[in-house]
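There are 2 protein chains.
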Amino acid sequence: MNRKITIIDVAKRAGVSKGTVDRVVHNRGEVSKKSEAKVRKAIEELHYEPNLYASVLAKKTDYVIACLLPEFSEGEYWEKIWRGFEAGGEQVSALNVTTRLTSFRKACAELLEAAPSGVVMPPLFKSDCIAFTEELRRRDIPYVYVDSKLEDDNYFAYYGMPMYKSGFLCAALLTERLREEEVDQVAVIRINRDKARQSDPTVNRRSGFMDYLAVNFPKCEVHNVFITPSDPKGTYATLDAFFKEHPGVKLVVMMSSRIHLIGRYLADHPIAGGRVIGFDNLEKNIALLQEGLINILITQRTENQSRYAVISLADRLLIGRMPARRDNYMHMDILTRYNQENY
Amino acid sequence: MNRKITIIDVAKRAGVSKGTVDRVVHNRGEVSKKSEAKVRKAIEELHYEPNLYASVLAKKTDYVIACLLPEFSEGEYWEKIWRGFEAGGEQVSALNVTTRLTSFRKACAELLEAAPSGVVMPPLFKSDCIAFTEELRRRDIPYVYVDSKLEDDNYFAYYGMPMYKSGFLCAALLTERLREEEVDQVAVIRINRDKARQSDPTVNRRSGFMDYLAVNFPKCEVHNVFITPSDPKGTYATLDAFFKEHPGVKLVVMMSSRIHLIGRYLADHPIAGGRVIGFDNLEKNIALLQEGLINILITQRTENQSRYAVISLADRLLIGRMPARRDNYMHMDILTRYNQENY
DNA sequence: TAATTTTCCGTGAACGGGCACGAAATTTCG
DNA sequence: CGAAATTTCGTGCCCGTTCACGGAAAATTA
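Here's what the structure looks like:
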């Protein structure tokens, strides 16, 4: 029948040895033009494709993919990314590819010792990151962005959410079916950040959000309410003060993954007839969905970002395959209490 | 460093040969209790896991997974299932596993000739299917259901949507934020079926839908409107007549994948201020979303069902792995015009 | 033309595991 | 106890690649 074509079949047909075929397949040189042509012809005619498994088995080199992420505690957004790294690592572990999870901070230093074959990371601290990727480029180490990306020219691939559009979607869902006079006030809960060091990862999302409102509800007033994650009491007080002062606000959103920070307040003061939308399916956020305290979570398969990233890099290292697309925008899922179960 | 543990390492530690270890690993017998114990201990201690790739390479047997589906034309629901079969087949093709796509009708006959190692199928024609799976059971050929399932005891796994819940979700989305008096009438578009042969695959979904309404909007009146897919003109006329007679109907759903059948009518008579919900992301349905003629599509990664099915079966055949869950309910996605792009 | 360099290519030992074969060890039985 | 039957186990080849090694052929130089 249609037995698999092997390298030997190709060699025979081209009238050379398997070593030569191998050299041609991997562009390793040391082959005369004539032989190369014959081999390529034979490959073409027989539709030869190397057996990945035999190849992996025989290959000696071990690849290490460094996966960078910030330090995080349980239940945080980064835990999902971390899971994806693990899943991807598992998937490629049999391929002589090892993943190494590293805290972002230590990465640069560590790179000097153990030179990895590839790097996956979210570009978190912009200036540090630029220096770092510069170094990677110099060393010819491919790197993949997850979560968000910088606009340098050298990243190998990017996997993440379309941030601007997610803000747009958020605004659309928030205001759907509402008449203009019902969308007069919106509260955007925001996180107090140390602006010197941390860039705000939600800027693009926020502009998508604002743009949608500006077009569809130009008269809508947007209140920014700043809270501090480490200070639950202060958060509660801030919210309390805000909603006392603006009792008409029925529409609430949180652009980052931490809508759960206002869960406590919502439990005590549910927003009747309003709508609350957050992002990302952290367990604590899902809980709020289930309790009906928030209406919608806009999420994505966060783990997939990091998993795909690892796999795409392994593909590149092992068989030189490029990803189908360089920029991979993940689908945005809409989660309600009725469809969160099998997510 | 942490070199991979091989069968030789285990053999050495247990003081036997690799042949014996192999026999233990695959429960092939011909091993004394004493040796087996030693080997198992060594495996345990070294955390040995056989290298899948080496294993596949060495194994000679070829597996064939038969994938059954009904005949379909382009753009239909089954095309997605078909894609998944192809994707899954591709993924396992390097593992000596071949997939063969077969029309449901011919399957029984063909089975008599080429005995496949496994079967994946949607249980479409109930009585035929029961006879068929009986035969499979007798021959000890594992089979996996996709799309929907029969409640026999022998299927190896099932991948599909939670039908009842999808109806529930549909009703929830349809009526969200509406006051009781706004949900007085609902139109359910249905397909005329030859009841003798074809079972209605949406019964469970419809009961989920009805149950939600019964609880939350007990006074709501549900109109069933039957159309015939092969007769666009008749469909148009039927719809026209219906909506003329019931101008108050603003909420419309279609439980099957064919909401696009009413696209033509909707284009001419958009339902202002109403809501139209359909199922499944067929291209034609997506187009309606984009044009704003329908509001929501409840979908799933249909291709994944069939892909997972193929892969799970390959796993079972190659390394005897059971799926984590026997029944795998896929997540239901909510698609709107704002998040359909990267799906 | 012989010697030397360079280019090209074939050979064969891995890689980790499956499995057939036959030998060794053990049990059974006369 | 010895022979035969049975159980248990080790050996070695094979799967399709990769790649180091070294030899043959071609090109260059003297």
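First to last, the protein sequences are chains A and B. If you count the first sequence from 1, you need to add 2 to reach the working numbering. If you count the second sequence from 1, you need to add 2 to reach the working numbering. All residues carry an ideal CB built from backbone N, CA and C; glycine is no exception.
| task | Can you give me the Cβ contacts of M3 (chain A) inside the same chain, cut-off strictly under 7 Å, excluding the 5 residues immediately before and after it? | result | Caution is warranted here: a pLDDT of 41 is assigned to M3 (chain A), below 50, making its placement in the model unreliable, and no coordinate value can be reported.
| query | So who's on the other strand from V224 (chain B), going by DSSP bridges? | reply | In the DSSP assignment, the residues bridged to V224 (chain B) are B:V188.
| query | Just how far apart, CA to CA, sit E76 (chain B) and F87 (chain B)? | reply | Rounded to the nearest whole angstrom, the CA to CA distance from E76 (chain B) to F87 (chain B) is 16 Å.
| query | On the premise that P118 (chain A) lies in contact with V185 (chain A), defined as a C-beta separation below 8 Å, what is that separation, rounded to the nearest angstrom? | reply | The distance from the Cβ of V185 (chain A) to that of P118 (chain A) is about 50 Å, inconsistent with a contact at the 8 Å cut-off.
| said: With a threshold of 8 Å, are at least 3 pairs of Cβ atoms found where one atom belongs to the region 139-159 of chain B and the other to the region 272-281 of chain B? | reply: Contact annotation: the region 139-159 of chain B does not touch the region 272-281 of chain B, with fewer than three C-beta pairs closer than 8 Å.
| In terms of residue numbering, what span does the alpha helix (DSSP H) encompassing D213 (chain B) cover? | 205-218 is the span of the alpha helix (DSSP H), which, as asked, contains D213 (chain B).
| According to DSSP, is S75 (chain B) helix, strand or coil? | In this structure, DSSP gives S75 (chain B) a state outside helix and strand, which the three-state scheme calls coil.
| task | Report the neighbours of A159 (chain B) on chain A: residues whose CB is nearer than 9 Å to its CB, in chain order. | result | Close partners of A159 (chain B) in chain A (Cβ separation under 9 Å) are lacking, with about 15 Å as the shortest Cβ gap.
| When DSSP builds the beta bridges, which residues end up paired with V254 (chain A)? | According to DSSP, which records beta bridges pairwise, V254 (chain A) is partnered with A:A189, A:V278.
| message | Quick test of your reading: Y166 (chain A) and S209 (chain A), contact by CB under 8 Å. State the CB separation rounded to the nearest angstrom. | response | Sure, about 6 Å apart at Cβ, within 8 Å.
| Within the 8 Å Cβ cut-off, does V58 (chain A) reach chain B? | Chain B contact via Cβ: present.
| message | Run through the DSSP bridge pairs and tell me what M123 (chain A) is partnered with. | response | For M123 (chain A), which the question treats as bridged, DSSP gives the partners A:Y147.
| request: Let me know the secondary structure DSSP gives N330 (chain B) once reduced to three states. | output: Here N330 (chain B) sits in strand by DSSP.
| request: Can you pull the chain A residues whose beta carbon is under 7 Å from the beta carbon of Y331 (chain B), in chain order? | output: Under the 7 Å cutoff, chain A gives N344.
| task | Measure the alpha-carbon distance for I300 (chain A) versus M256 (chain A) and round it to whole angstroms. | result | CA-CA distance, I300 (chain A) to M256 (chain A), rounds to 11 Å.
| message | So, for N53 (chain B): in the same chain, excluding its five sequence neighbours on each side, which residues have a beta-carbon less than 8 Å away from its beta-carbon? | response | If you ignore the 5 residues before and after N53 (chain B), its C-beta comes within less than 8 Å of the C-beta of K6, T8, all in its own chain and listed in chain order.
| message | Within 10 Å of its beta-carbon, does N98 (chain B) have 16 or more other beta-carbons around it, so buried, or fewer, so exposed? | response | Counting C-beta atoms within 10 angstroms of its own C-beta, N98 (chain B) has 16 or more neighbours from the protein chains shown and is therefore classed as buried.
| message | For the alpha helix (DSSP H) containing S105 (chain B), name the first residue and the last one. | response | Element bounds for S105 (chain B): not the alpha helix (DSSP H) but the beta strand (DSSP E), 99-105.
| message | Just to confirm before moving on: does the CB-CB distance between P164 (chain B) and Y331 (chain B) stay below 8 Å? | response | Contact: yes.
| message | Rounded to whole angstroms, what is the Cα-Cα separation between K346 (chain B) and V224 (chain A)? | response | Nothing about residue 346 (chain B) can be reported from this structure: the residues present for chain B run from 3 to 345 only.
| said: If you reduce the DSSP assignment to three classes, tell me which class G162 (chain B) lands in. | reply: In the displayed model, G162 (chain B) falls within a strand according to three-state DSSP.
| request: Answer yes or no: do A189 (chain B) and V227 (chain B) have a C-beta to C-beta separation smaller than 8 Å? | output: In this structure, A189 (chain B) lies near V227 (chain B), with their beta-carbon atoms less than 8 Å apart.
| query | Counting along the chain, where does the beta strand (DSSP E) carrying A299 (chain B) start and finish? | reply | Here residue 299 (chain B) turns out to be Leu, not Ala, going by the sequence shown. Segment 298-301, the beta strand (DSSP E) holding L299 (chain B).
| said: Give me the subset of the region 314-340 of chain B whose CB atoms are less than 9 Å from a CB atom of chain A, sorted by chain position. | reply: Cβ contacts with chain A: N330, Y331, M332, H333, M334, D335, I336, L337, T338, R339, Y340.
| In this structure, does DSSP put M3 (chain A) in helix, strand or coil? | Confidence at M3 (chain A) is low in this model, with a pLDDT of 41, below 50, so the placement of that residue should be treated as unreliable; the coordinate-derived value is given next. DSSP, reduced to helix, strand and coil, places M3 (chain A) outside both helices and strands of the structure shown, so it counts as coil.
| message | Just to confirm before moving on: does the CB-CB distance between S168 (chain B) and M334 (chain B) stay below 8 Å? | response | Contact check for S168 (chain B) against M334 (chain B) passes: the beta carbons are separated by less than 8 Å.
| query | Is Y79 (chain B) close to chain A, meaning its C-beta is less than 8 Å from at least one C-beta of that chain? | reply | Not flagged as an interface residue toward chain A: Y79 (chain B), since no C-beta distance is shorter than 8 Å.
| Could you give the distance in angstroms between the alpha-carbon of G21 (chain B) and the alpha-carbon of S308 (chain B)? | Roughly 37 Å between the two C-alpha positions.
| So is Y55 (chain A) in contact with chain B if we call contact Cβ pairs under 8 Å? | By this cut-off, Y55 (chain A) is an interface position.
| query | Since G171 (chain B) meets chain A, which of its residues come closer than 7 Å, beta carbon to beta carbon? | reply | Checking the sequence shown, residue 171 (chain B) turns out to be Leu, not Gly. Within chain A, the C-beta atoms nearer than 7 Å to that of L171 (chain B) come from Y340, N341, in chain order.
| request: Note down, in chain order, each residue of its chain lying with its Cβ closer than 7 Å to the Cβ of R139 (chain A), except the 5 sequence neighbours on either side. | output: Excluding residues up to 5 positions away in sequence, N156 lie with their Cβ nearer than 7 Å to the Cβ of R139 (chain A) in the same chain.
| If we cut at 8 Å on Cβ distances, does R179 (chain A) have a partner in chain B? | Yes, its Cβ sits closer than 8 Å to a Cβ of chain B.
| field | Near-chain B residues of the region 75-107 of chain A - C-beta to any C-beta below 7 Å | value | Within the region 75-107 of chain A, the residues whose Cβ lies closer than 7 Å to some Cβ of chain B are A96, listed in chain order.
| query | Is the closest heavy atom of the ligand NAP to the C-beta of E76 (chain B) under 7 Å? | reply | No copy of the ligand NAP occurs in the structure displayed, which carries no ligand at all.
| Option nearest R410 (chain B) by Cα separation, candidates A:R25, A:D24, A:A274 | Absent from the model: residue 410 (chain B). The displayed extent of chain B is 3 to 345, so no value can be given.
| In chain A, which residues lie with their C-beta within 7 Å of the C-beta of P164 (chain B)? | Annotation: Cβ neighbours of P164 (chain B) in chain A (cutoff 7 Å, chain order): N344.
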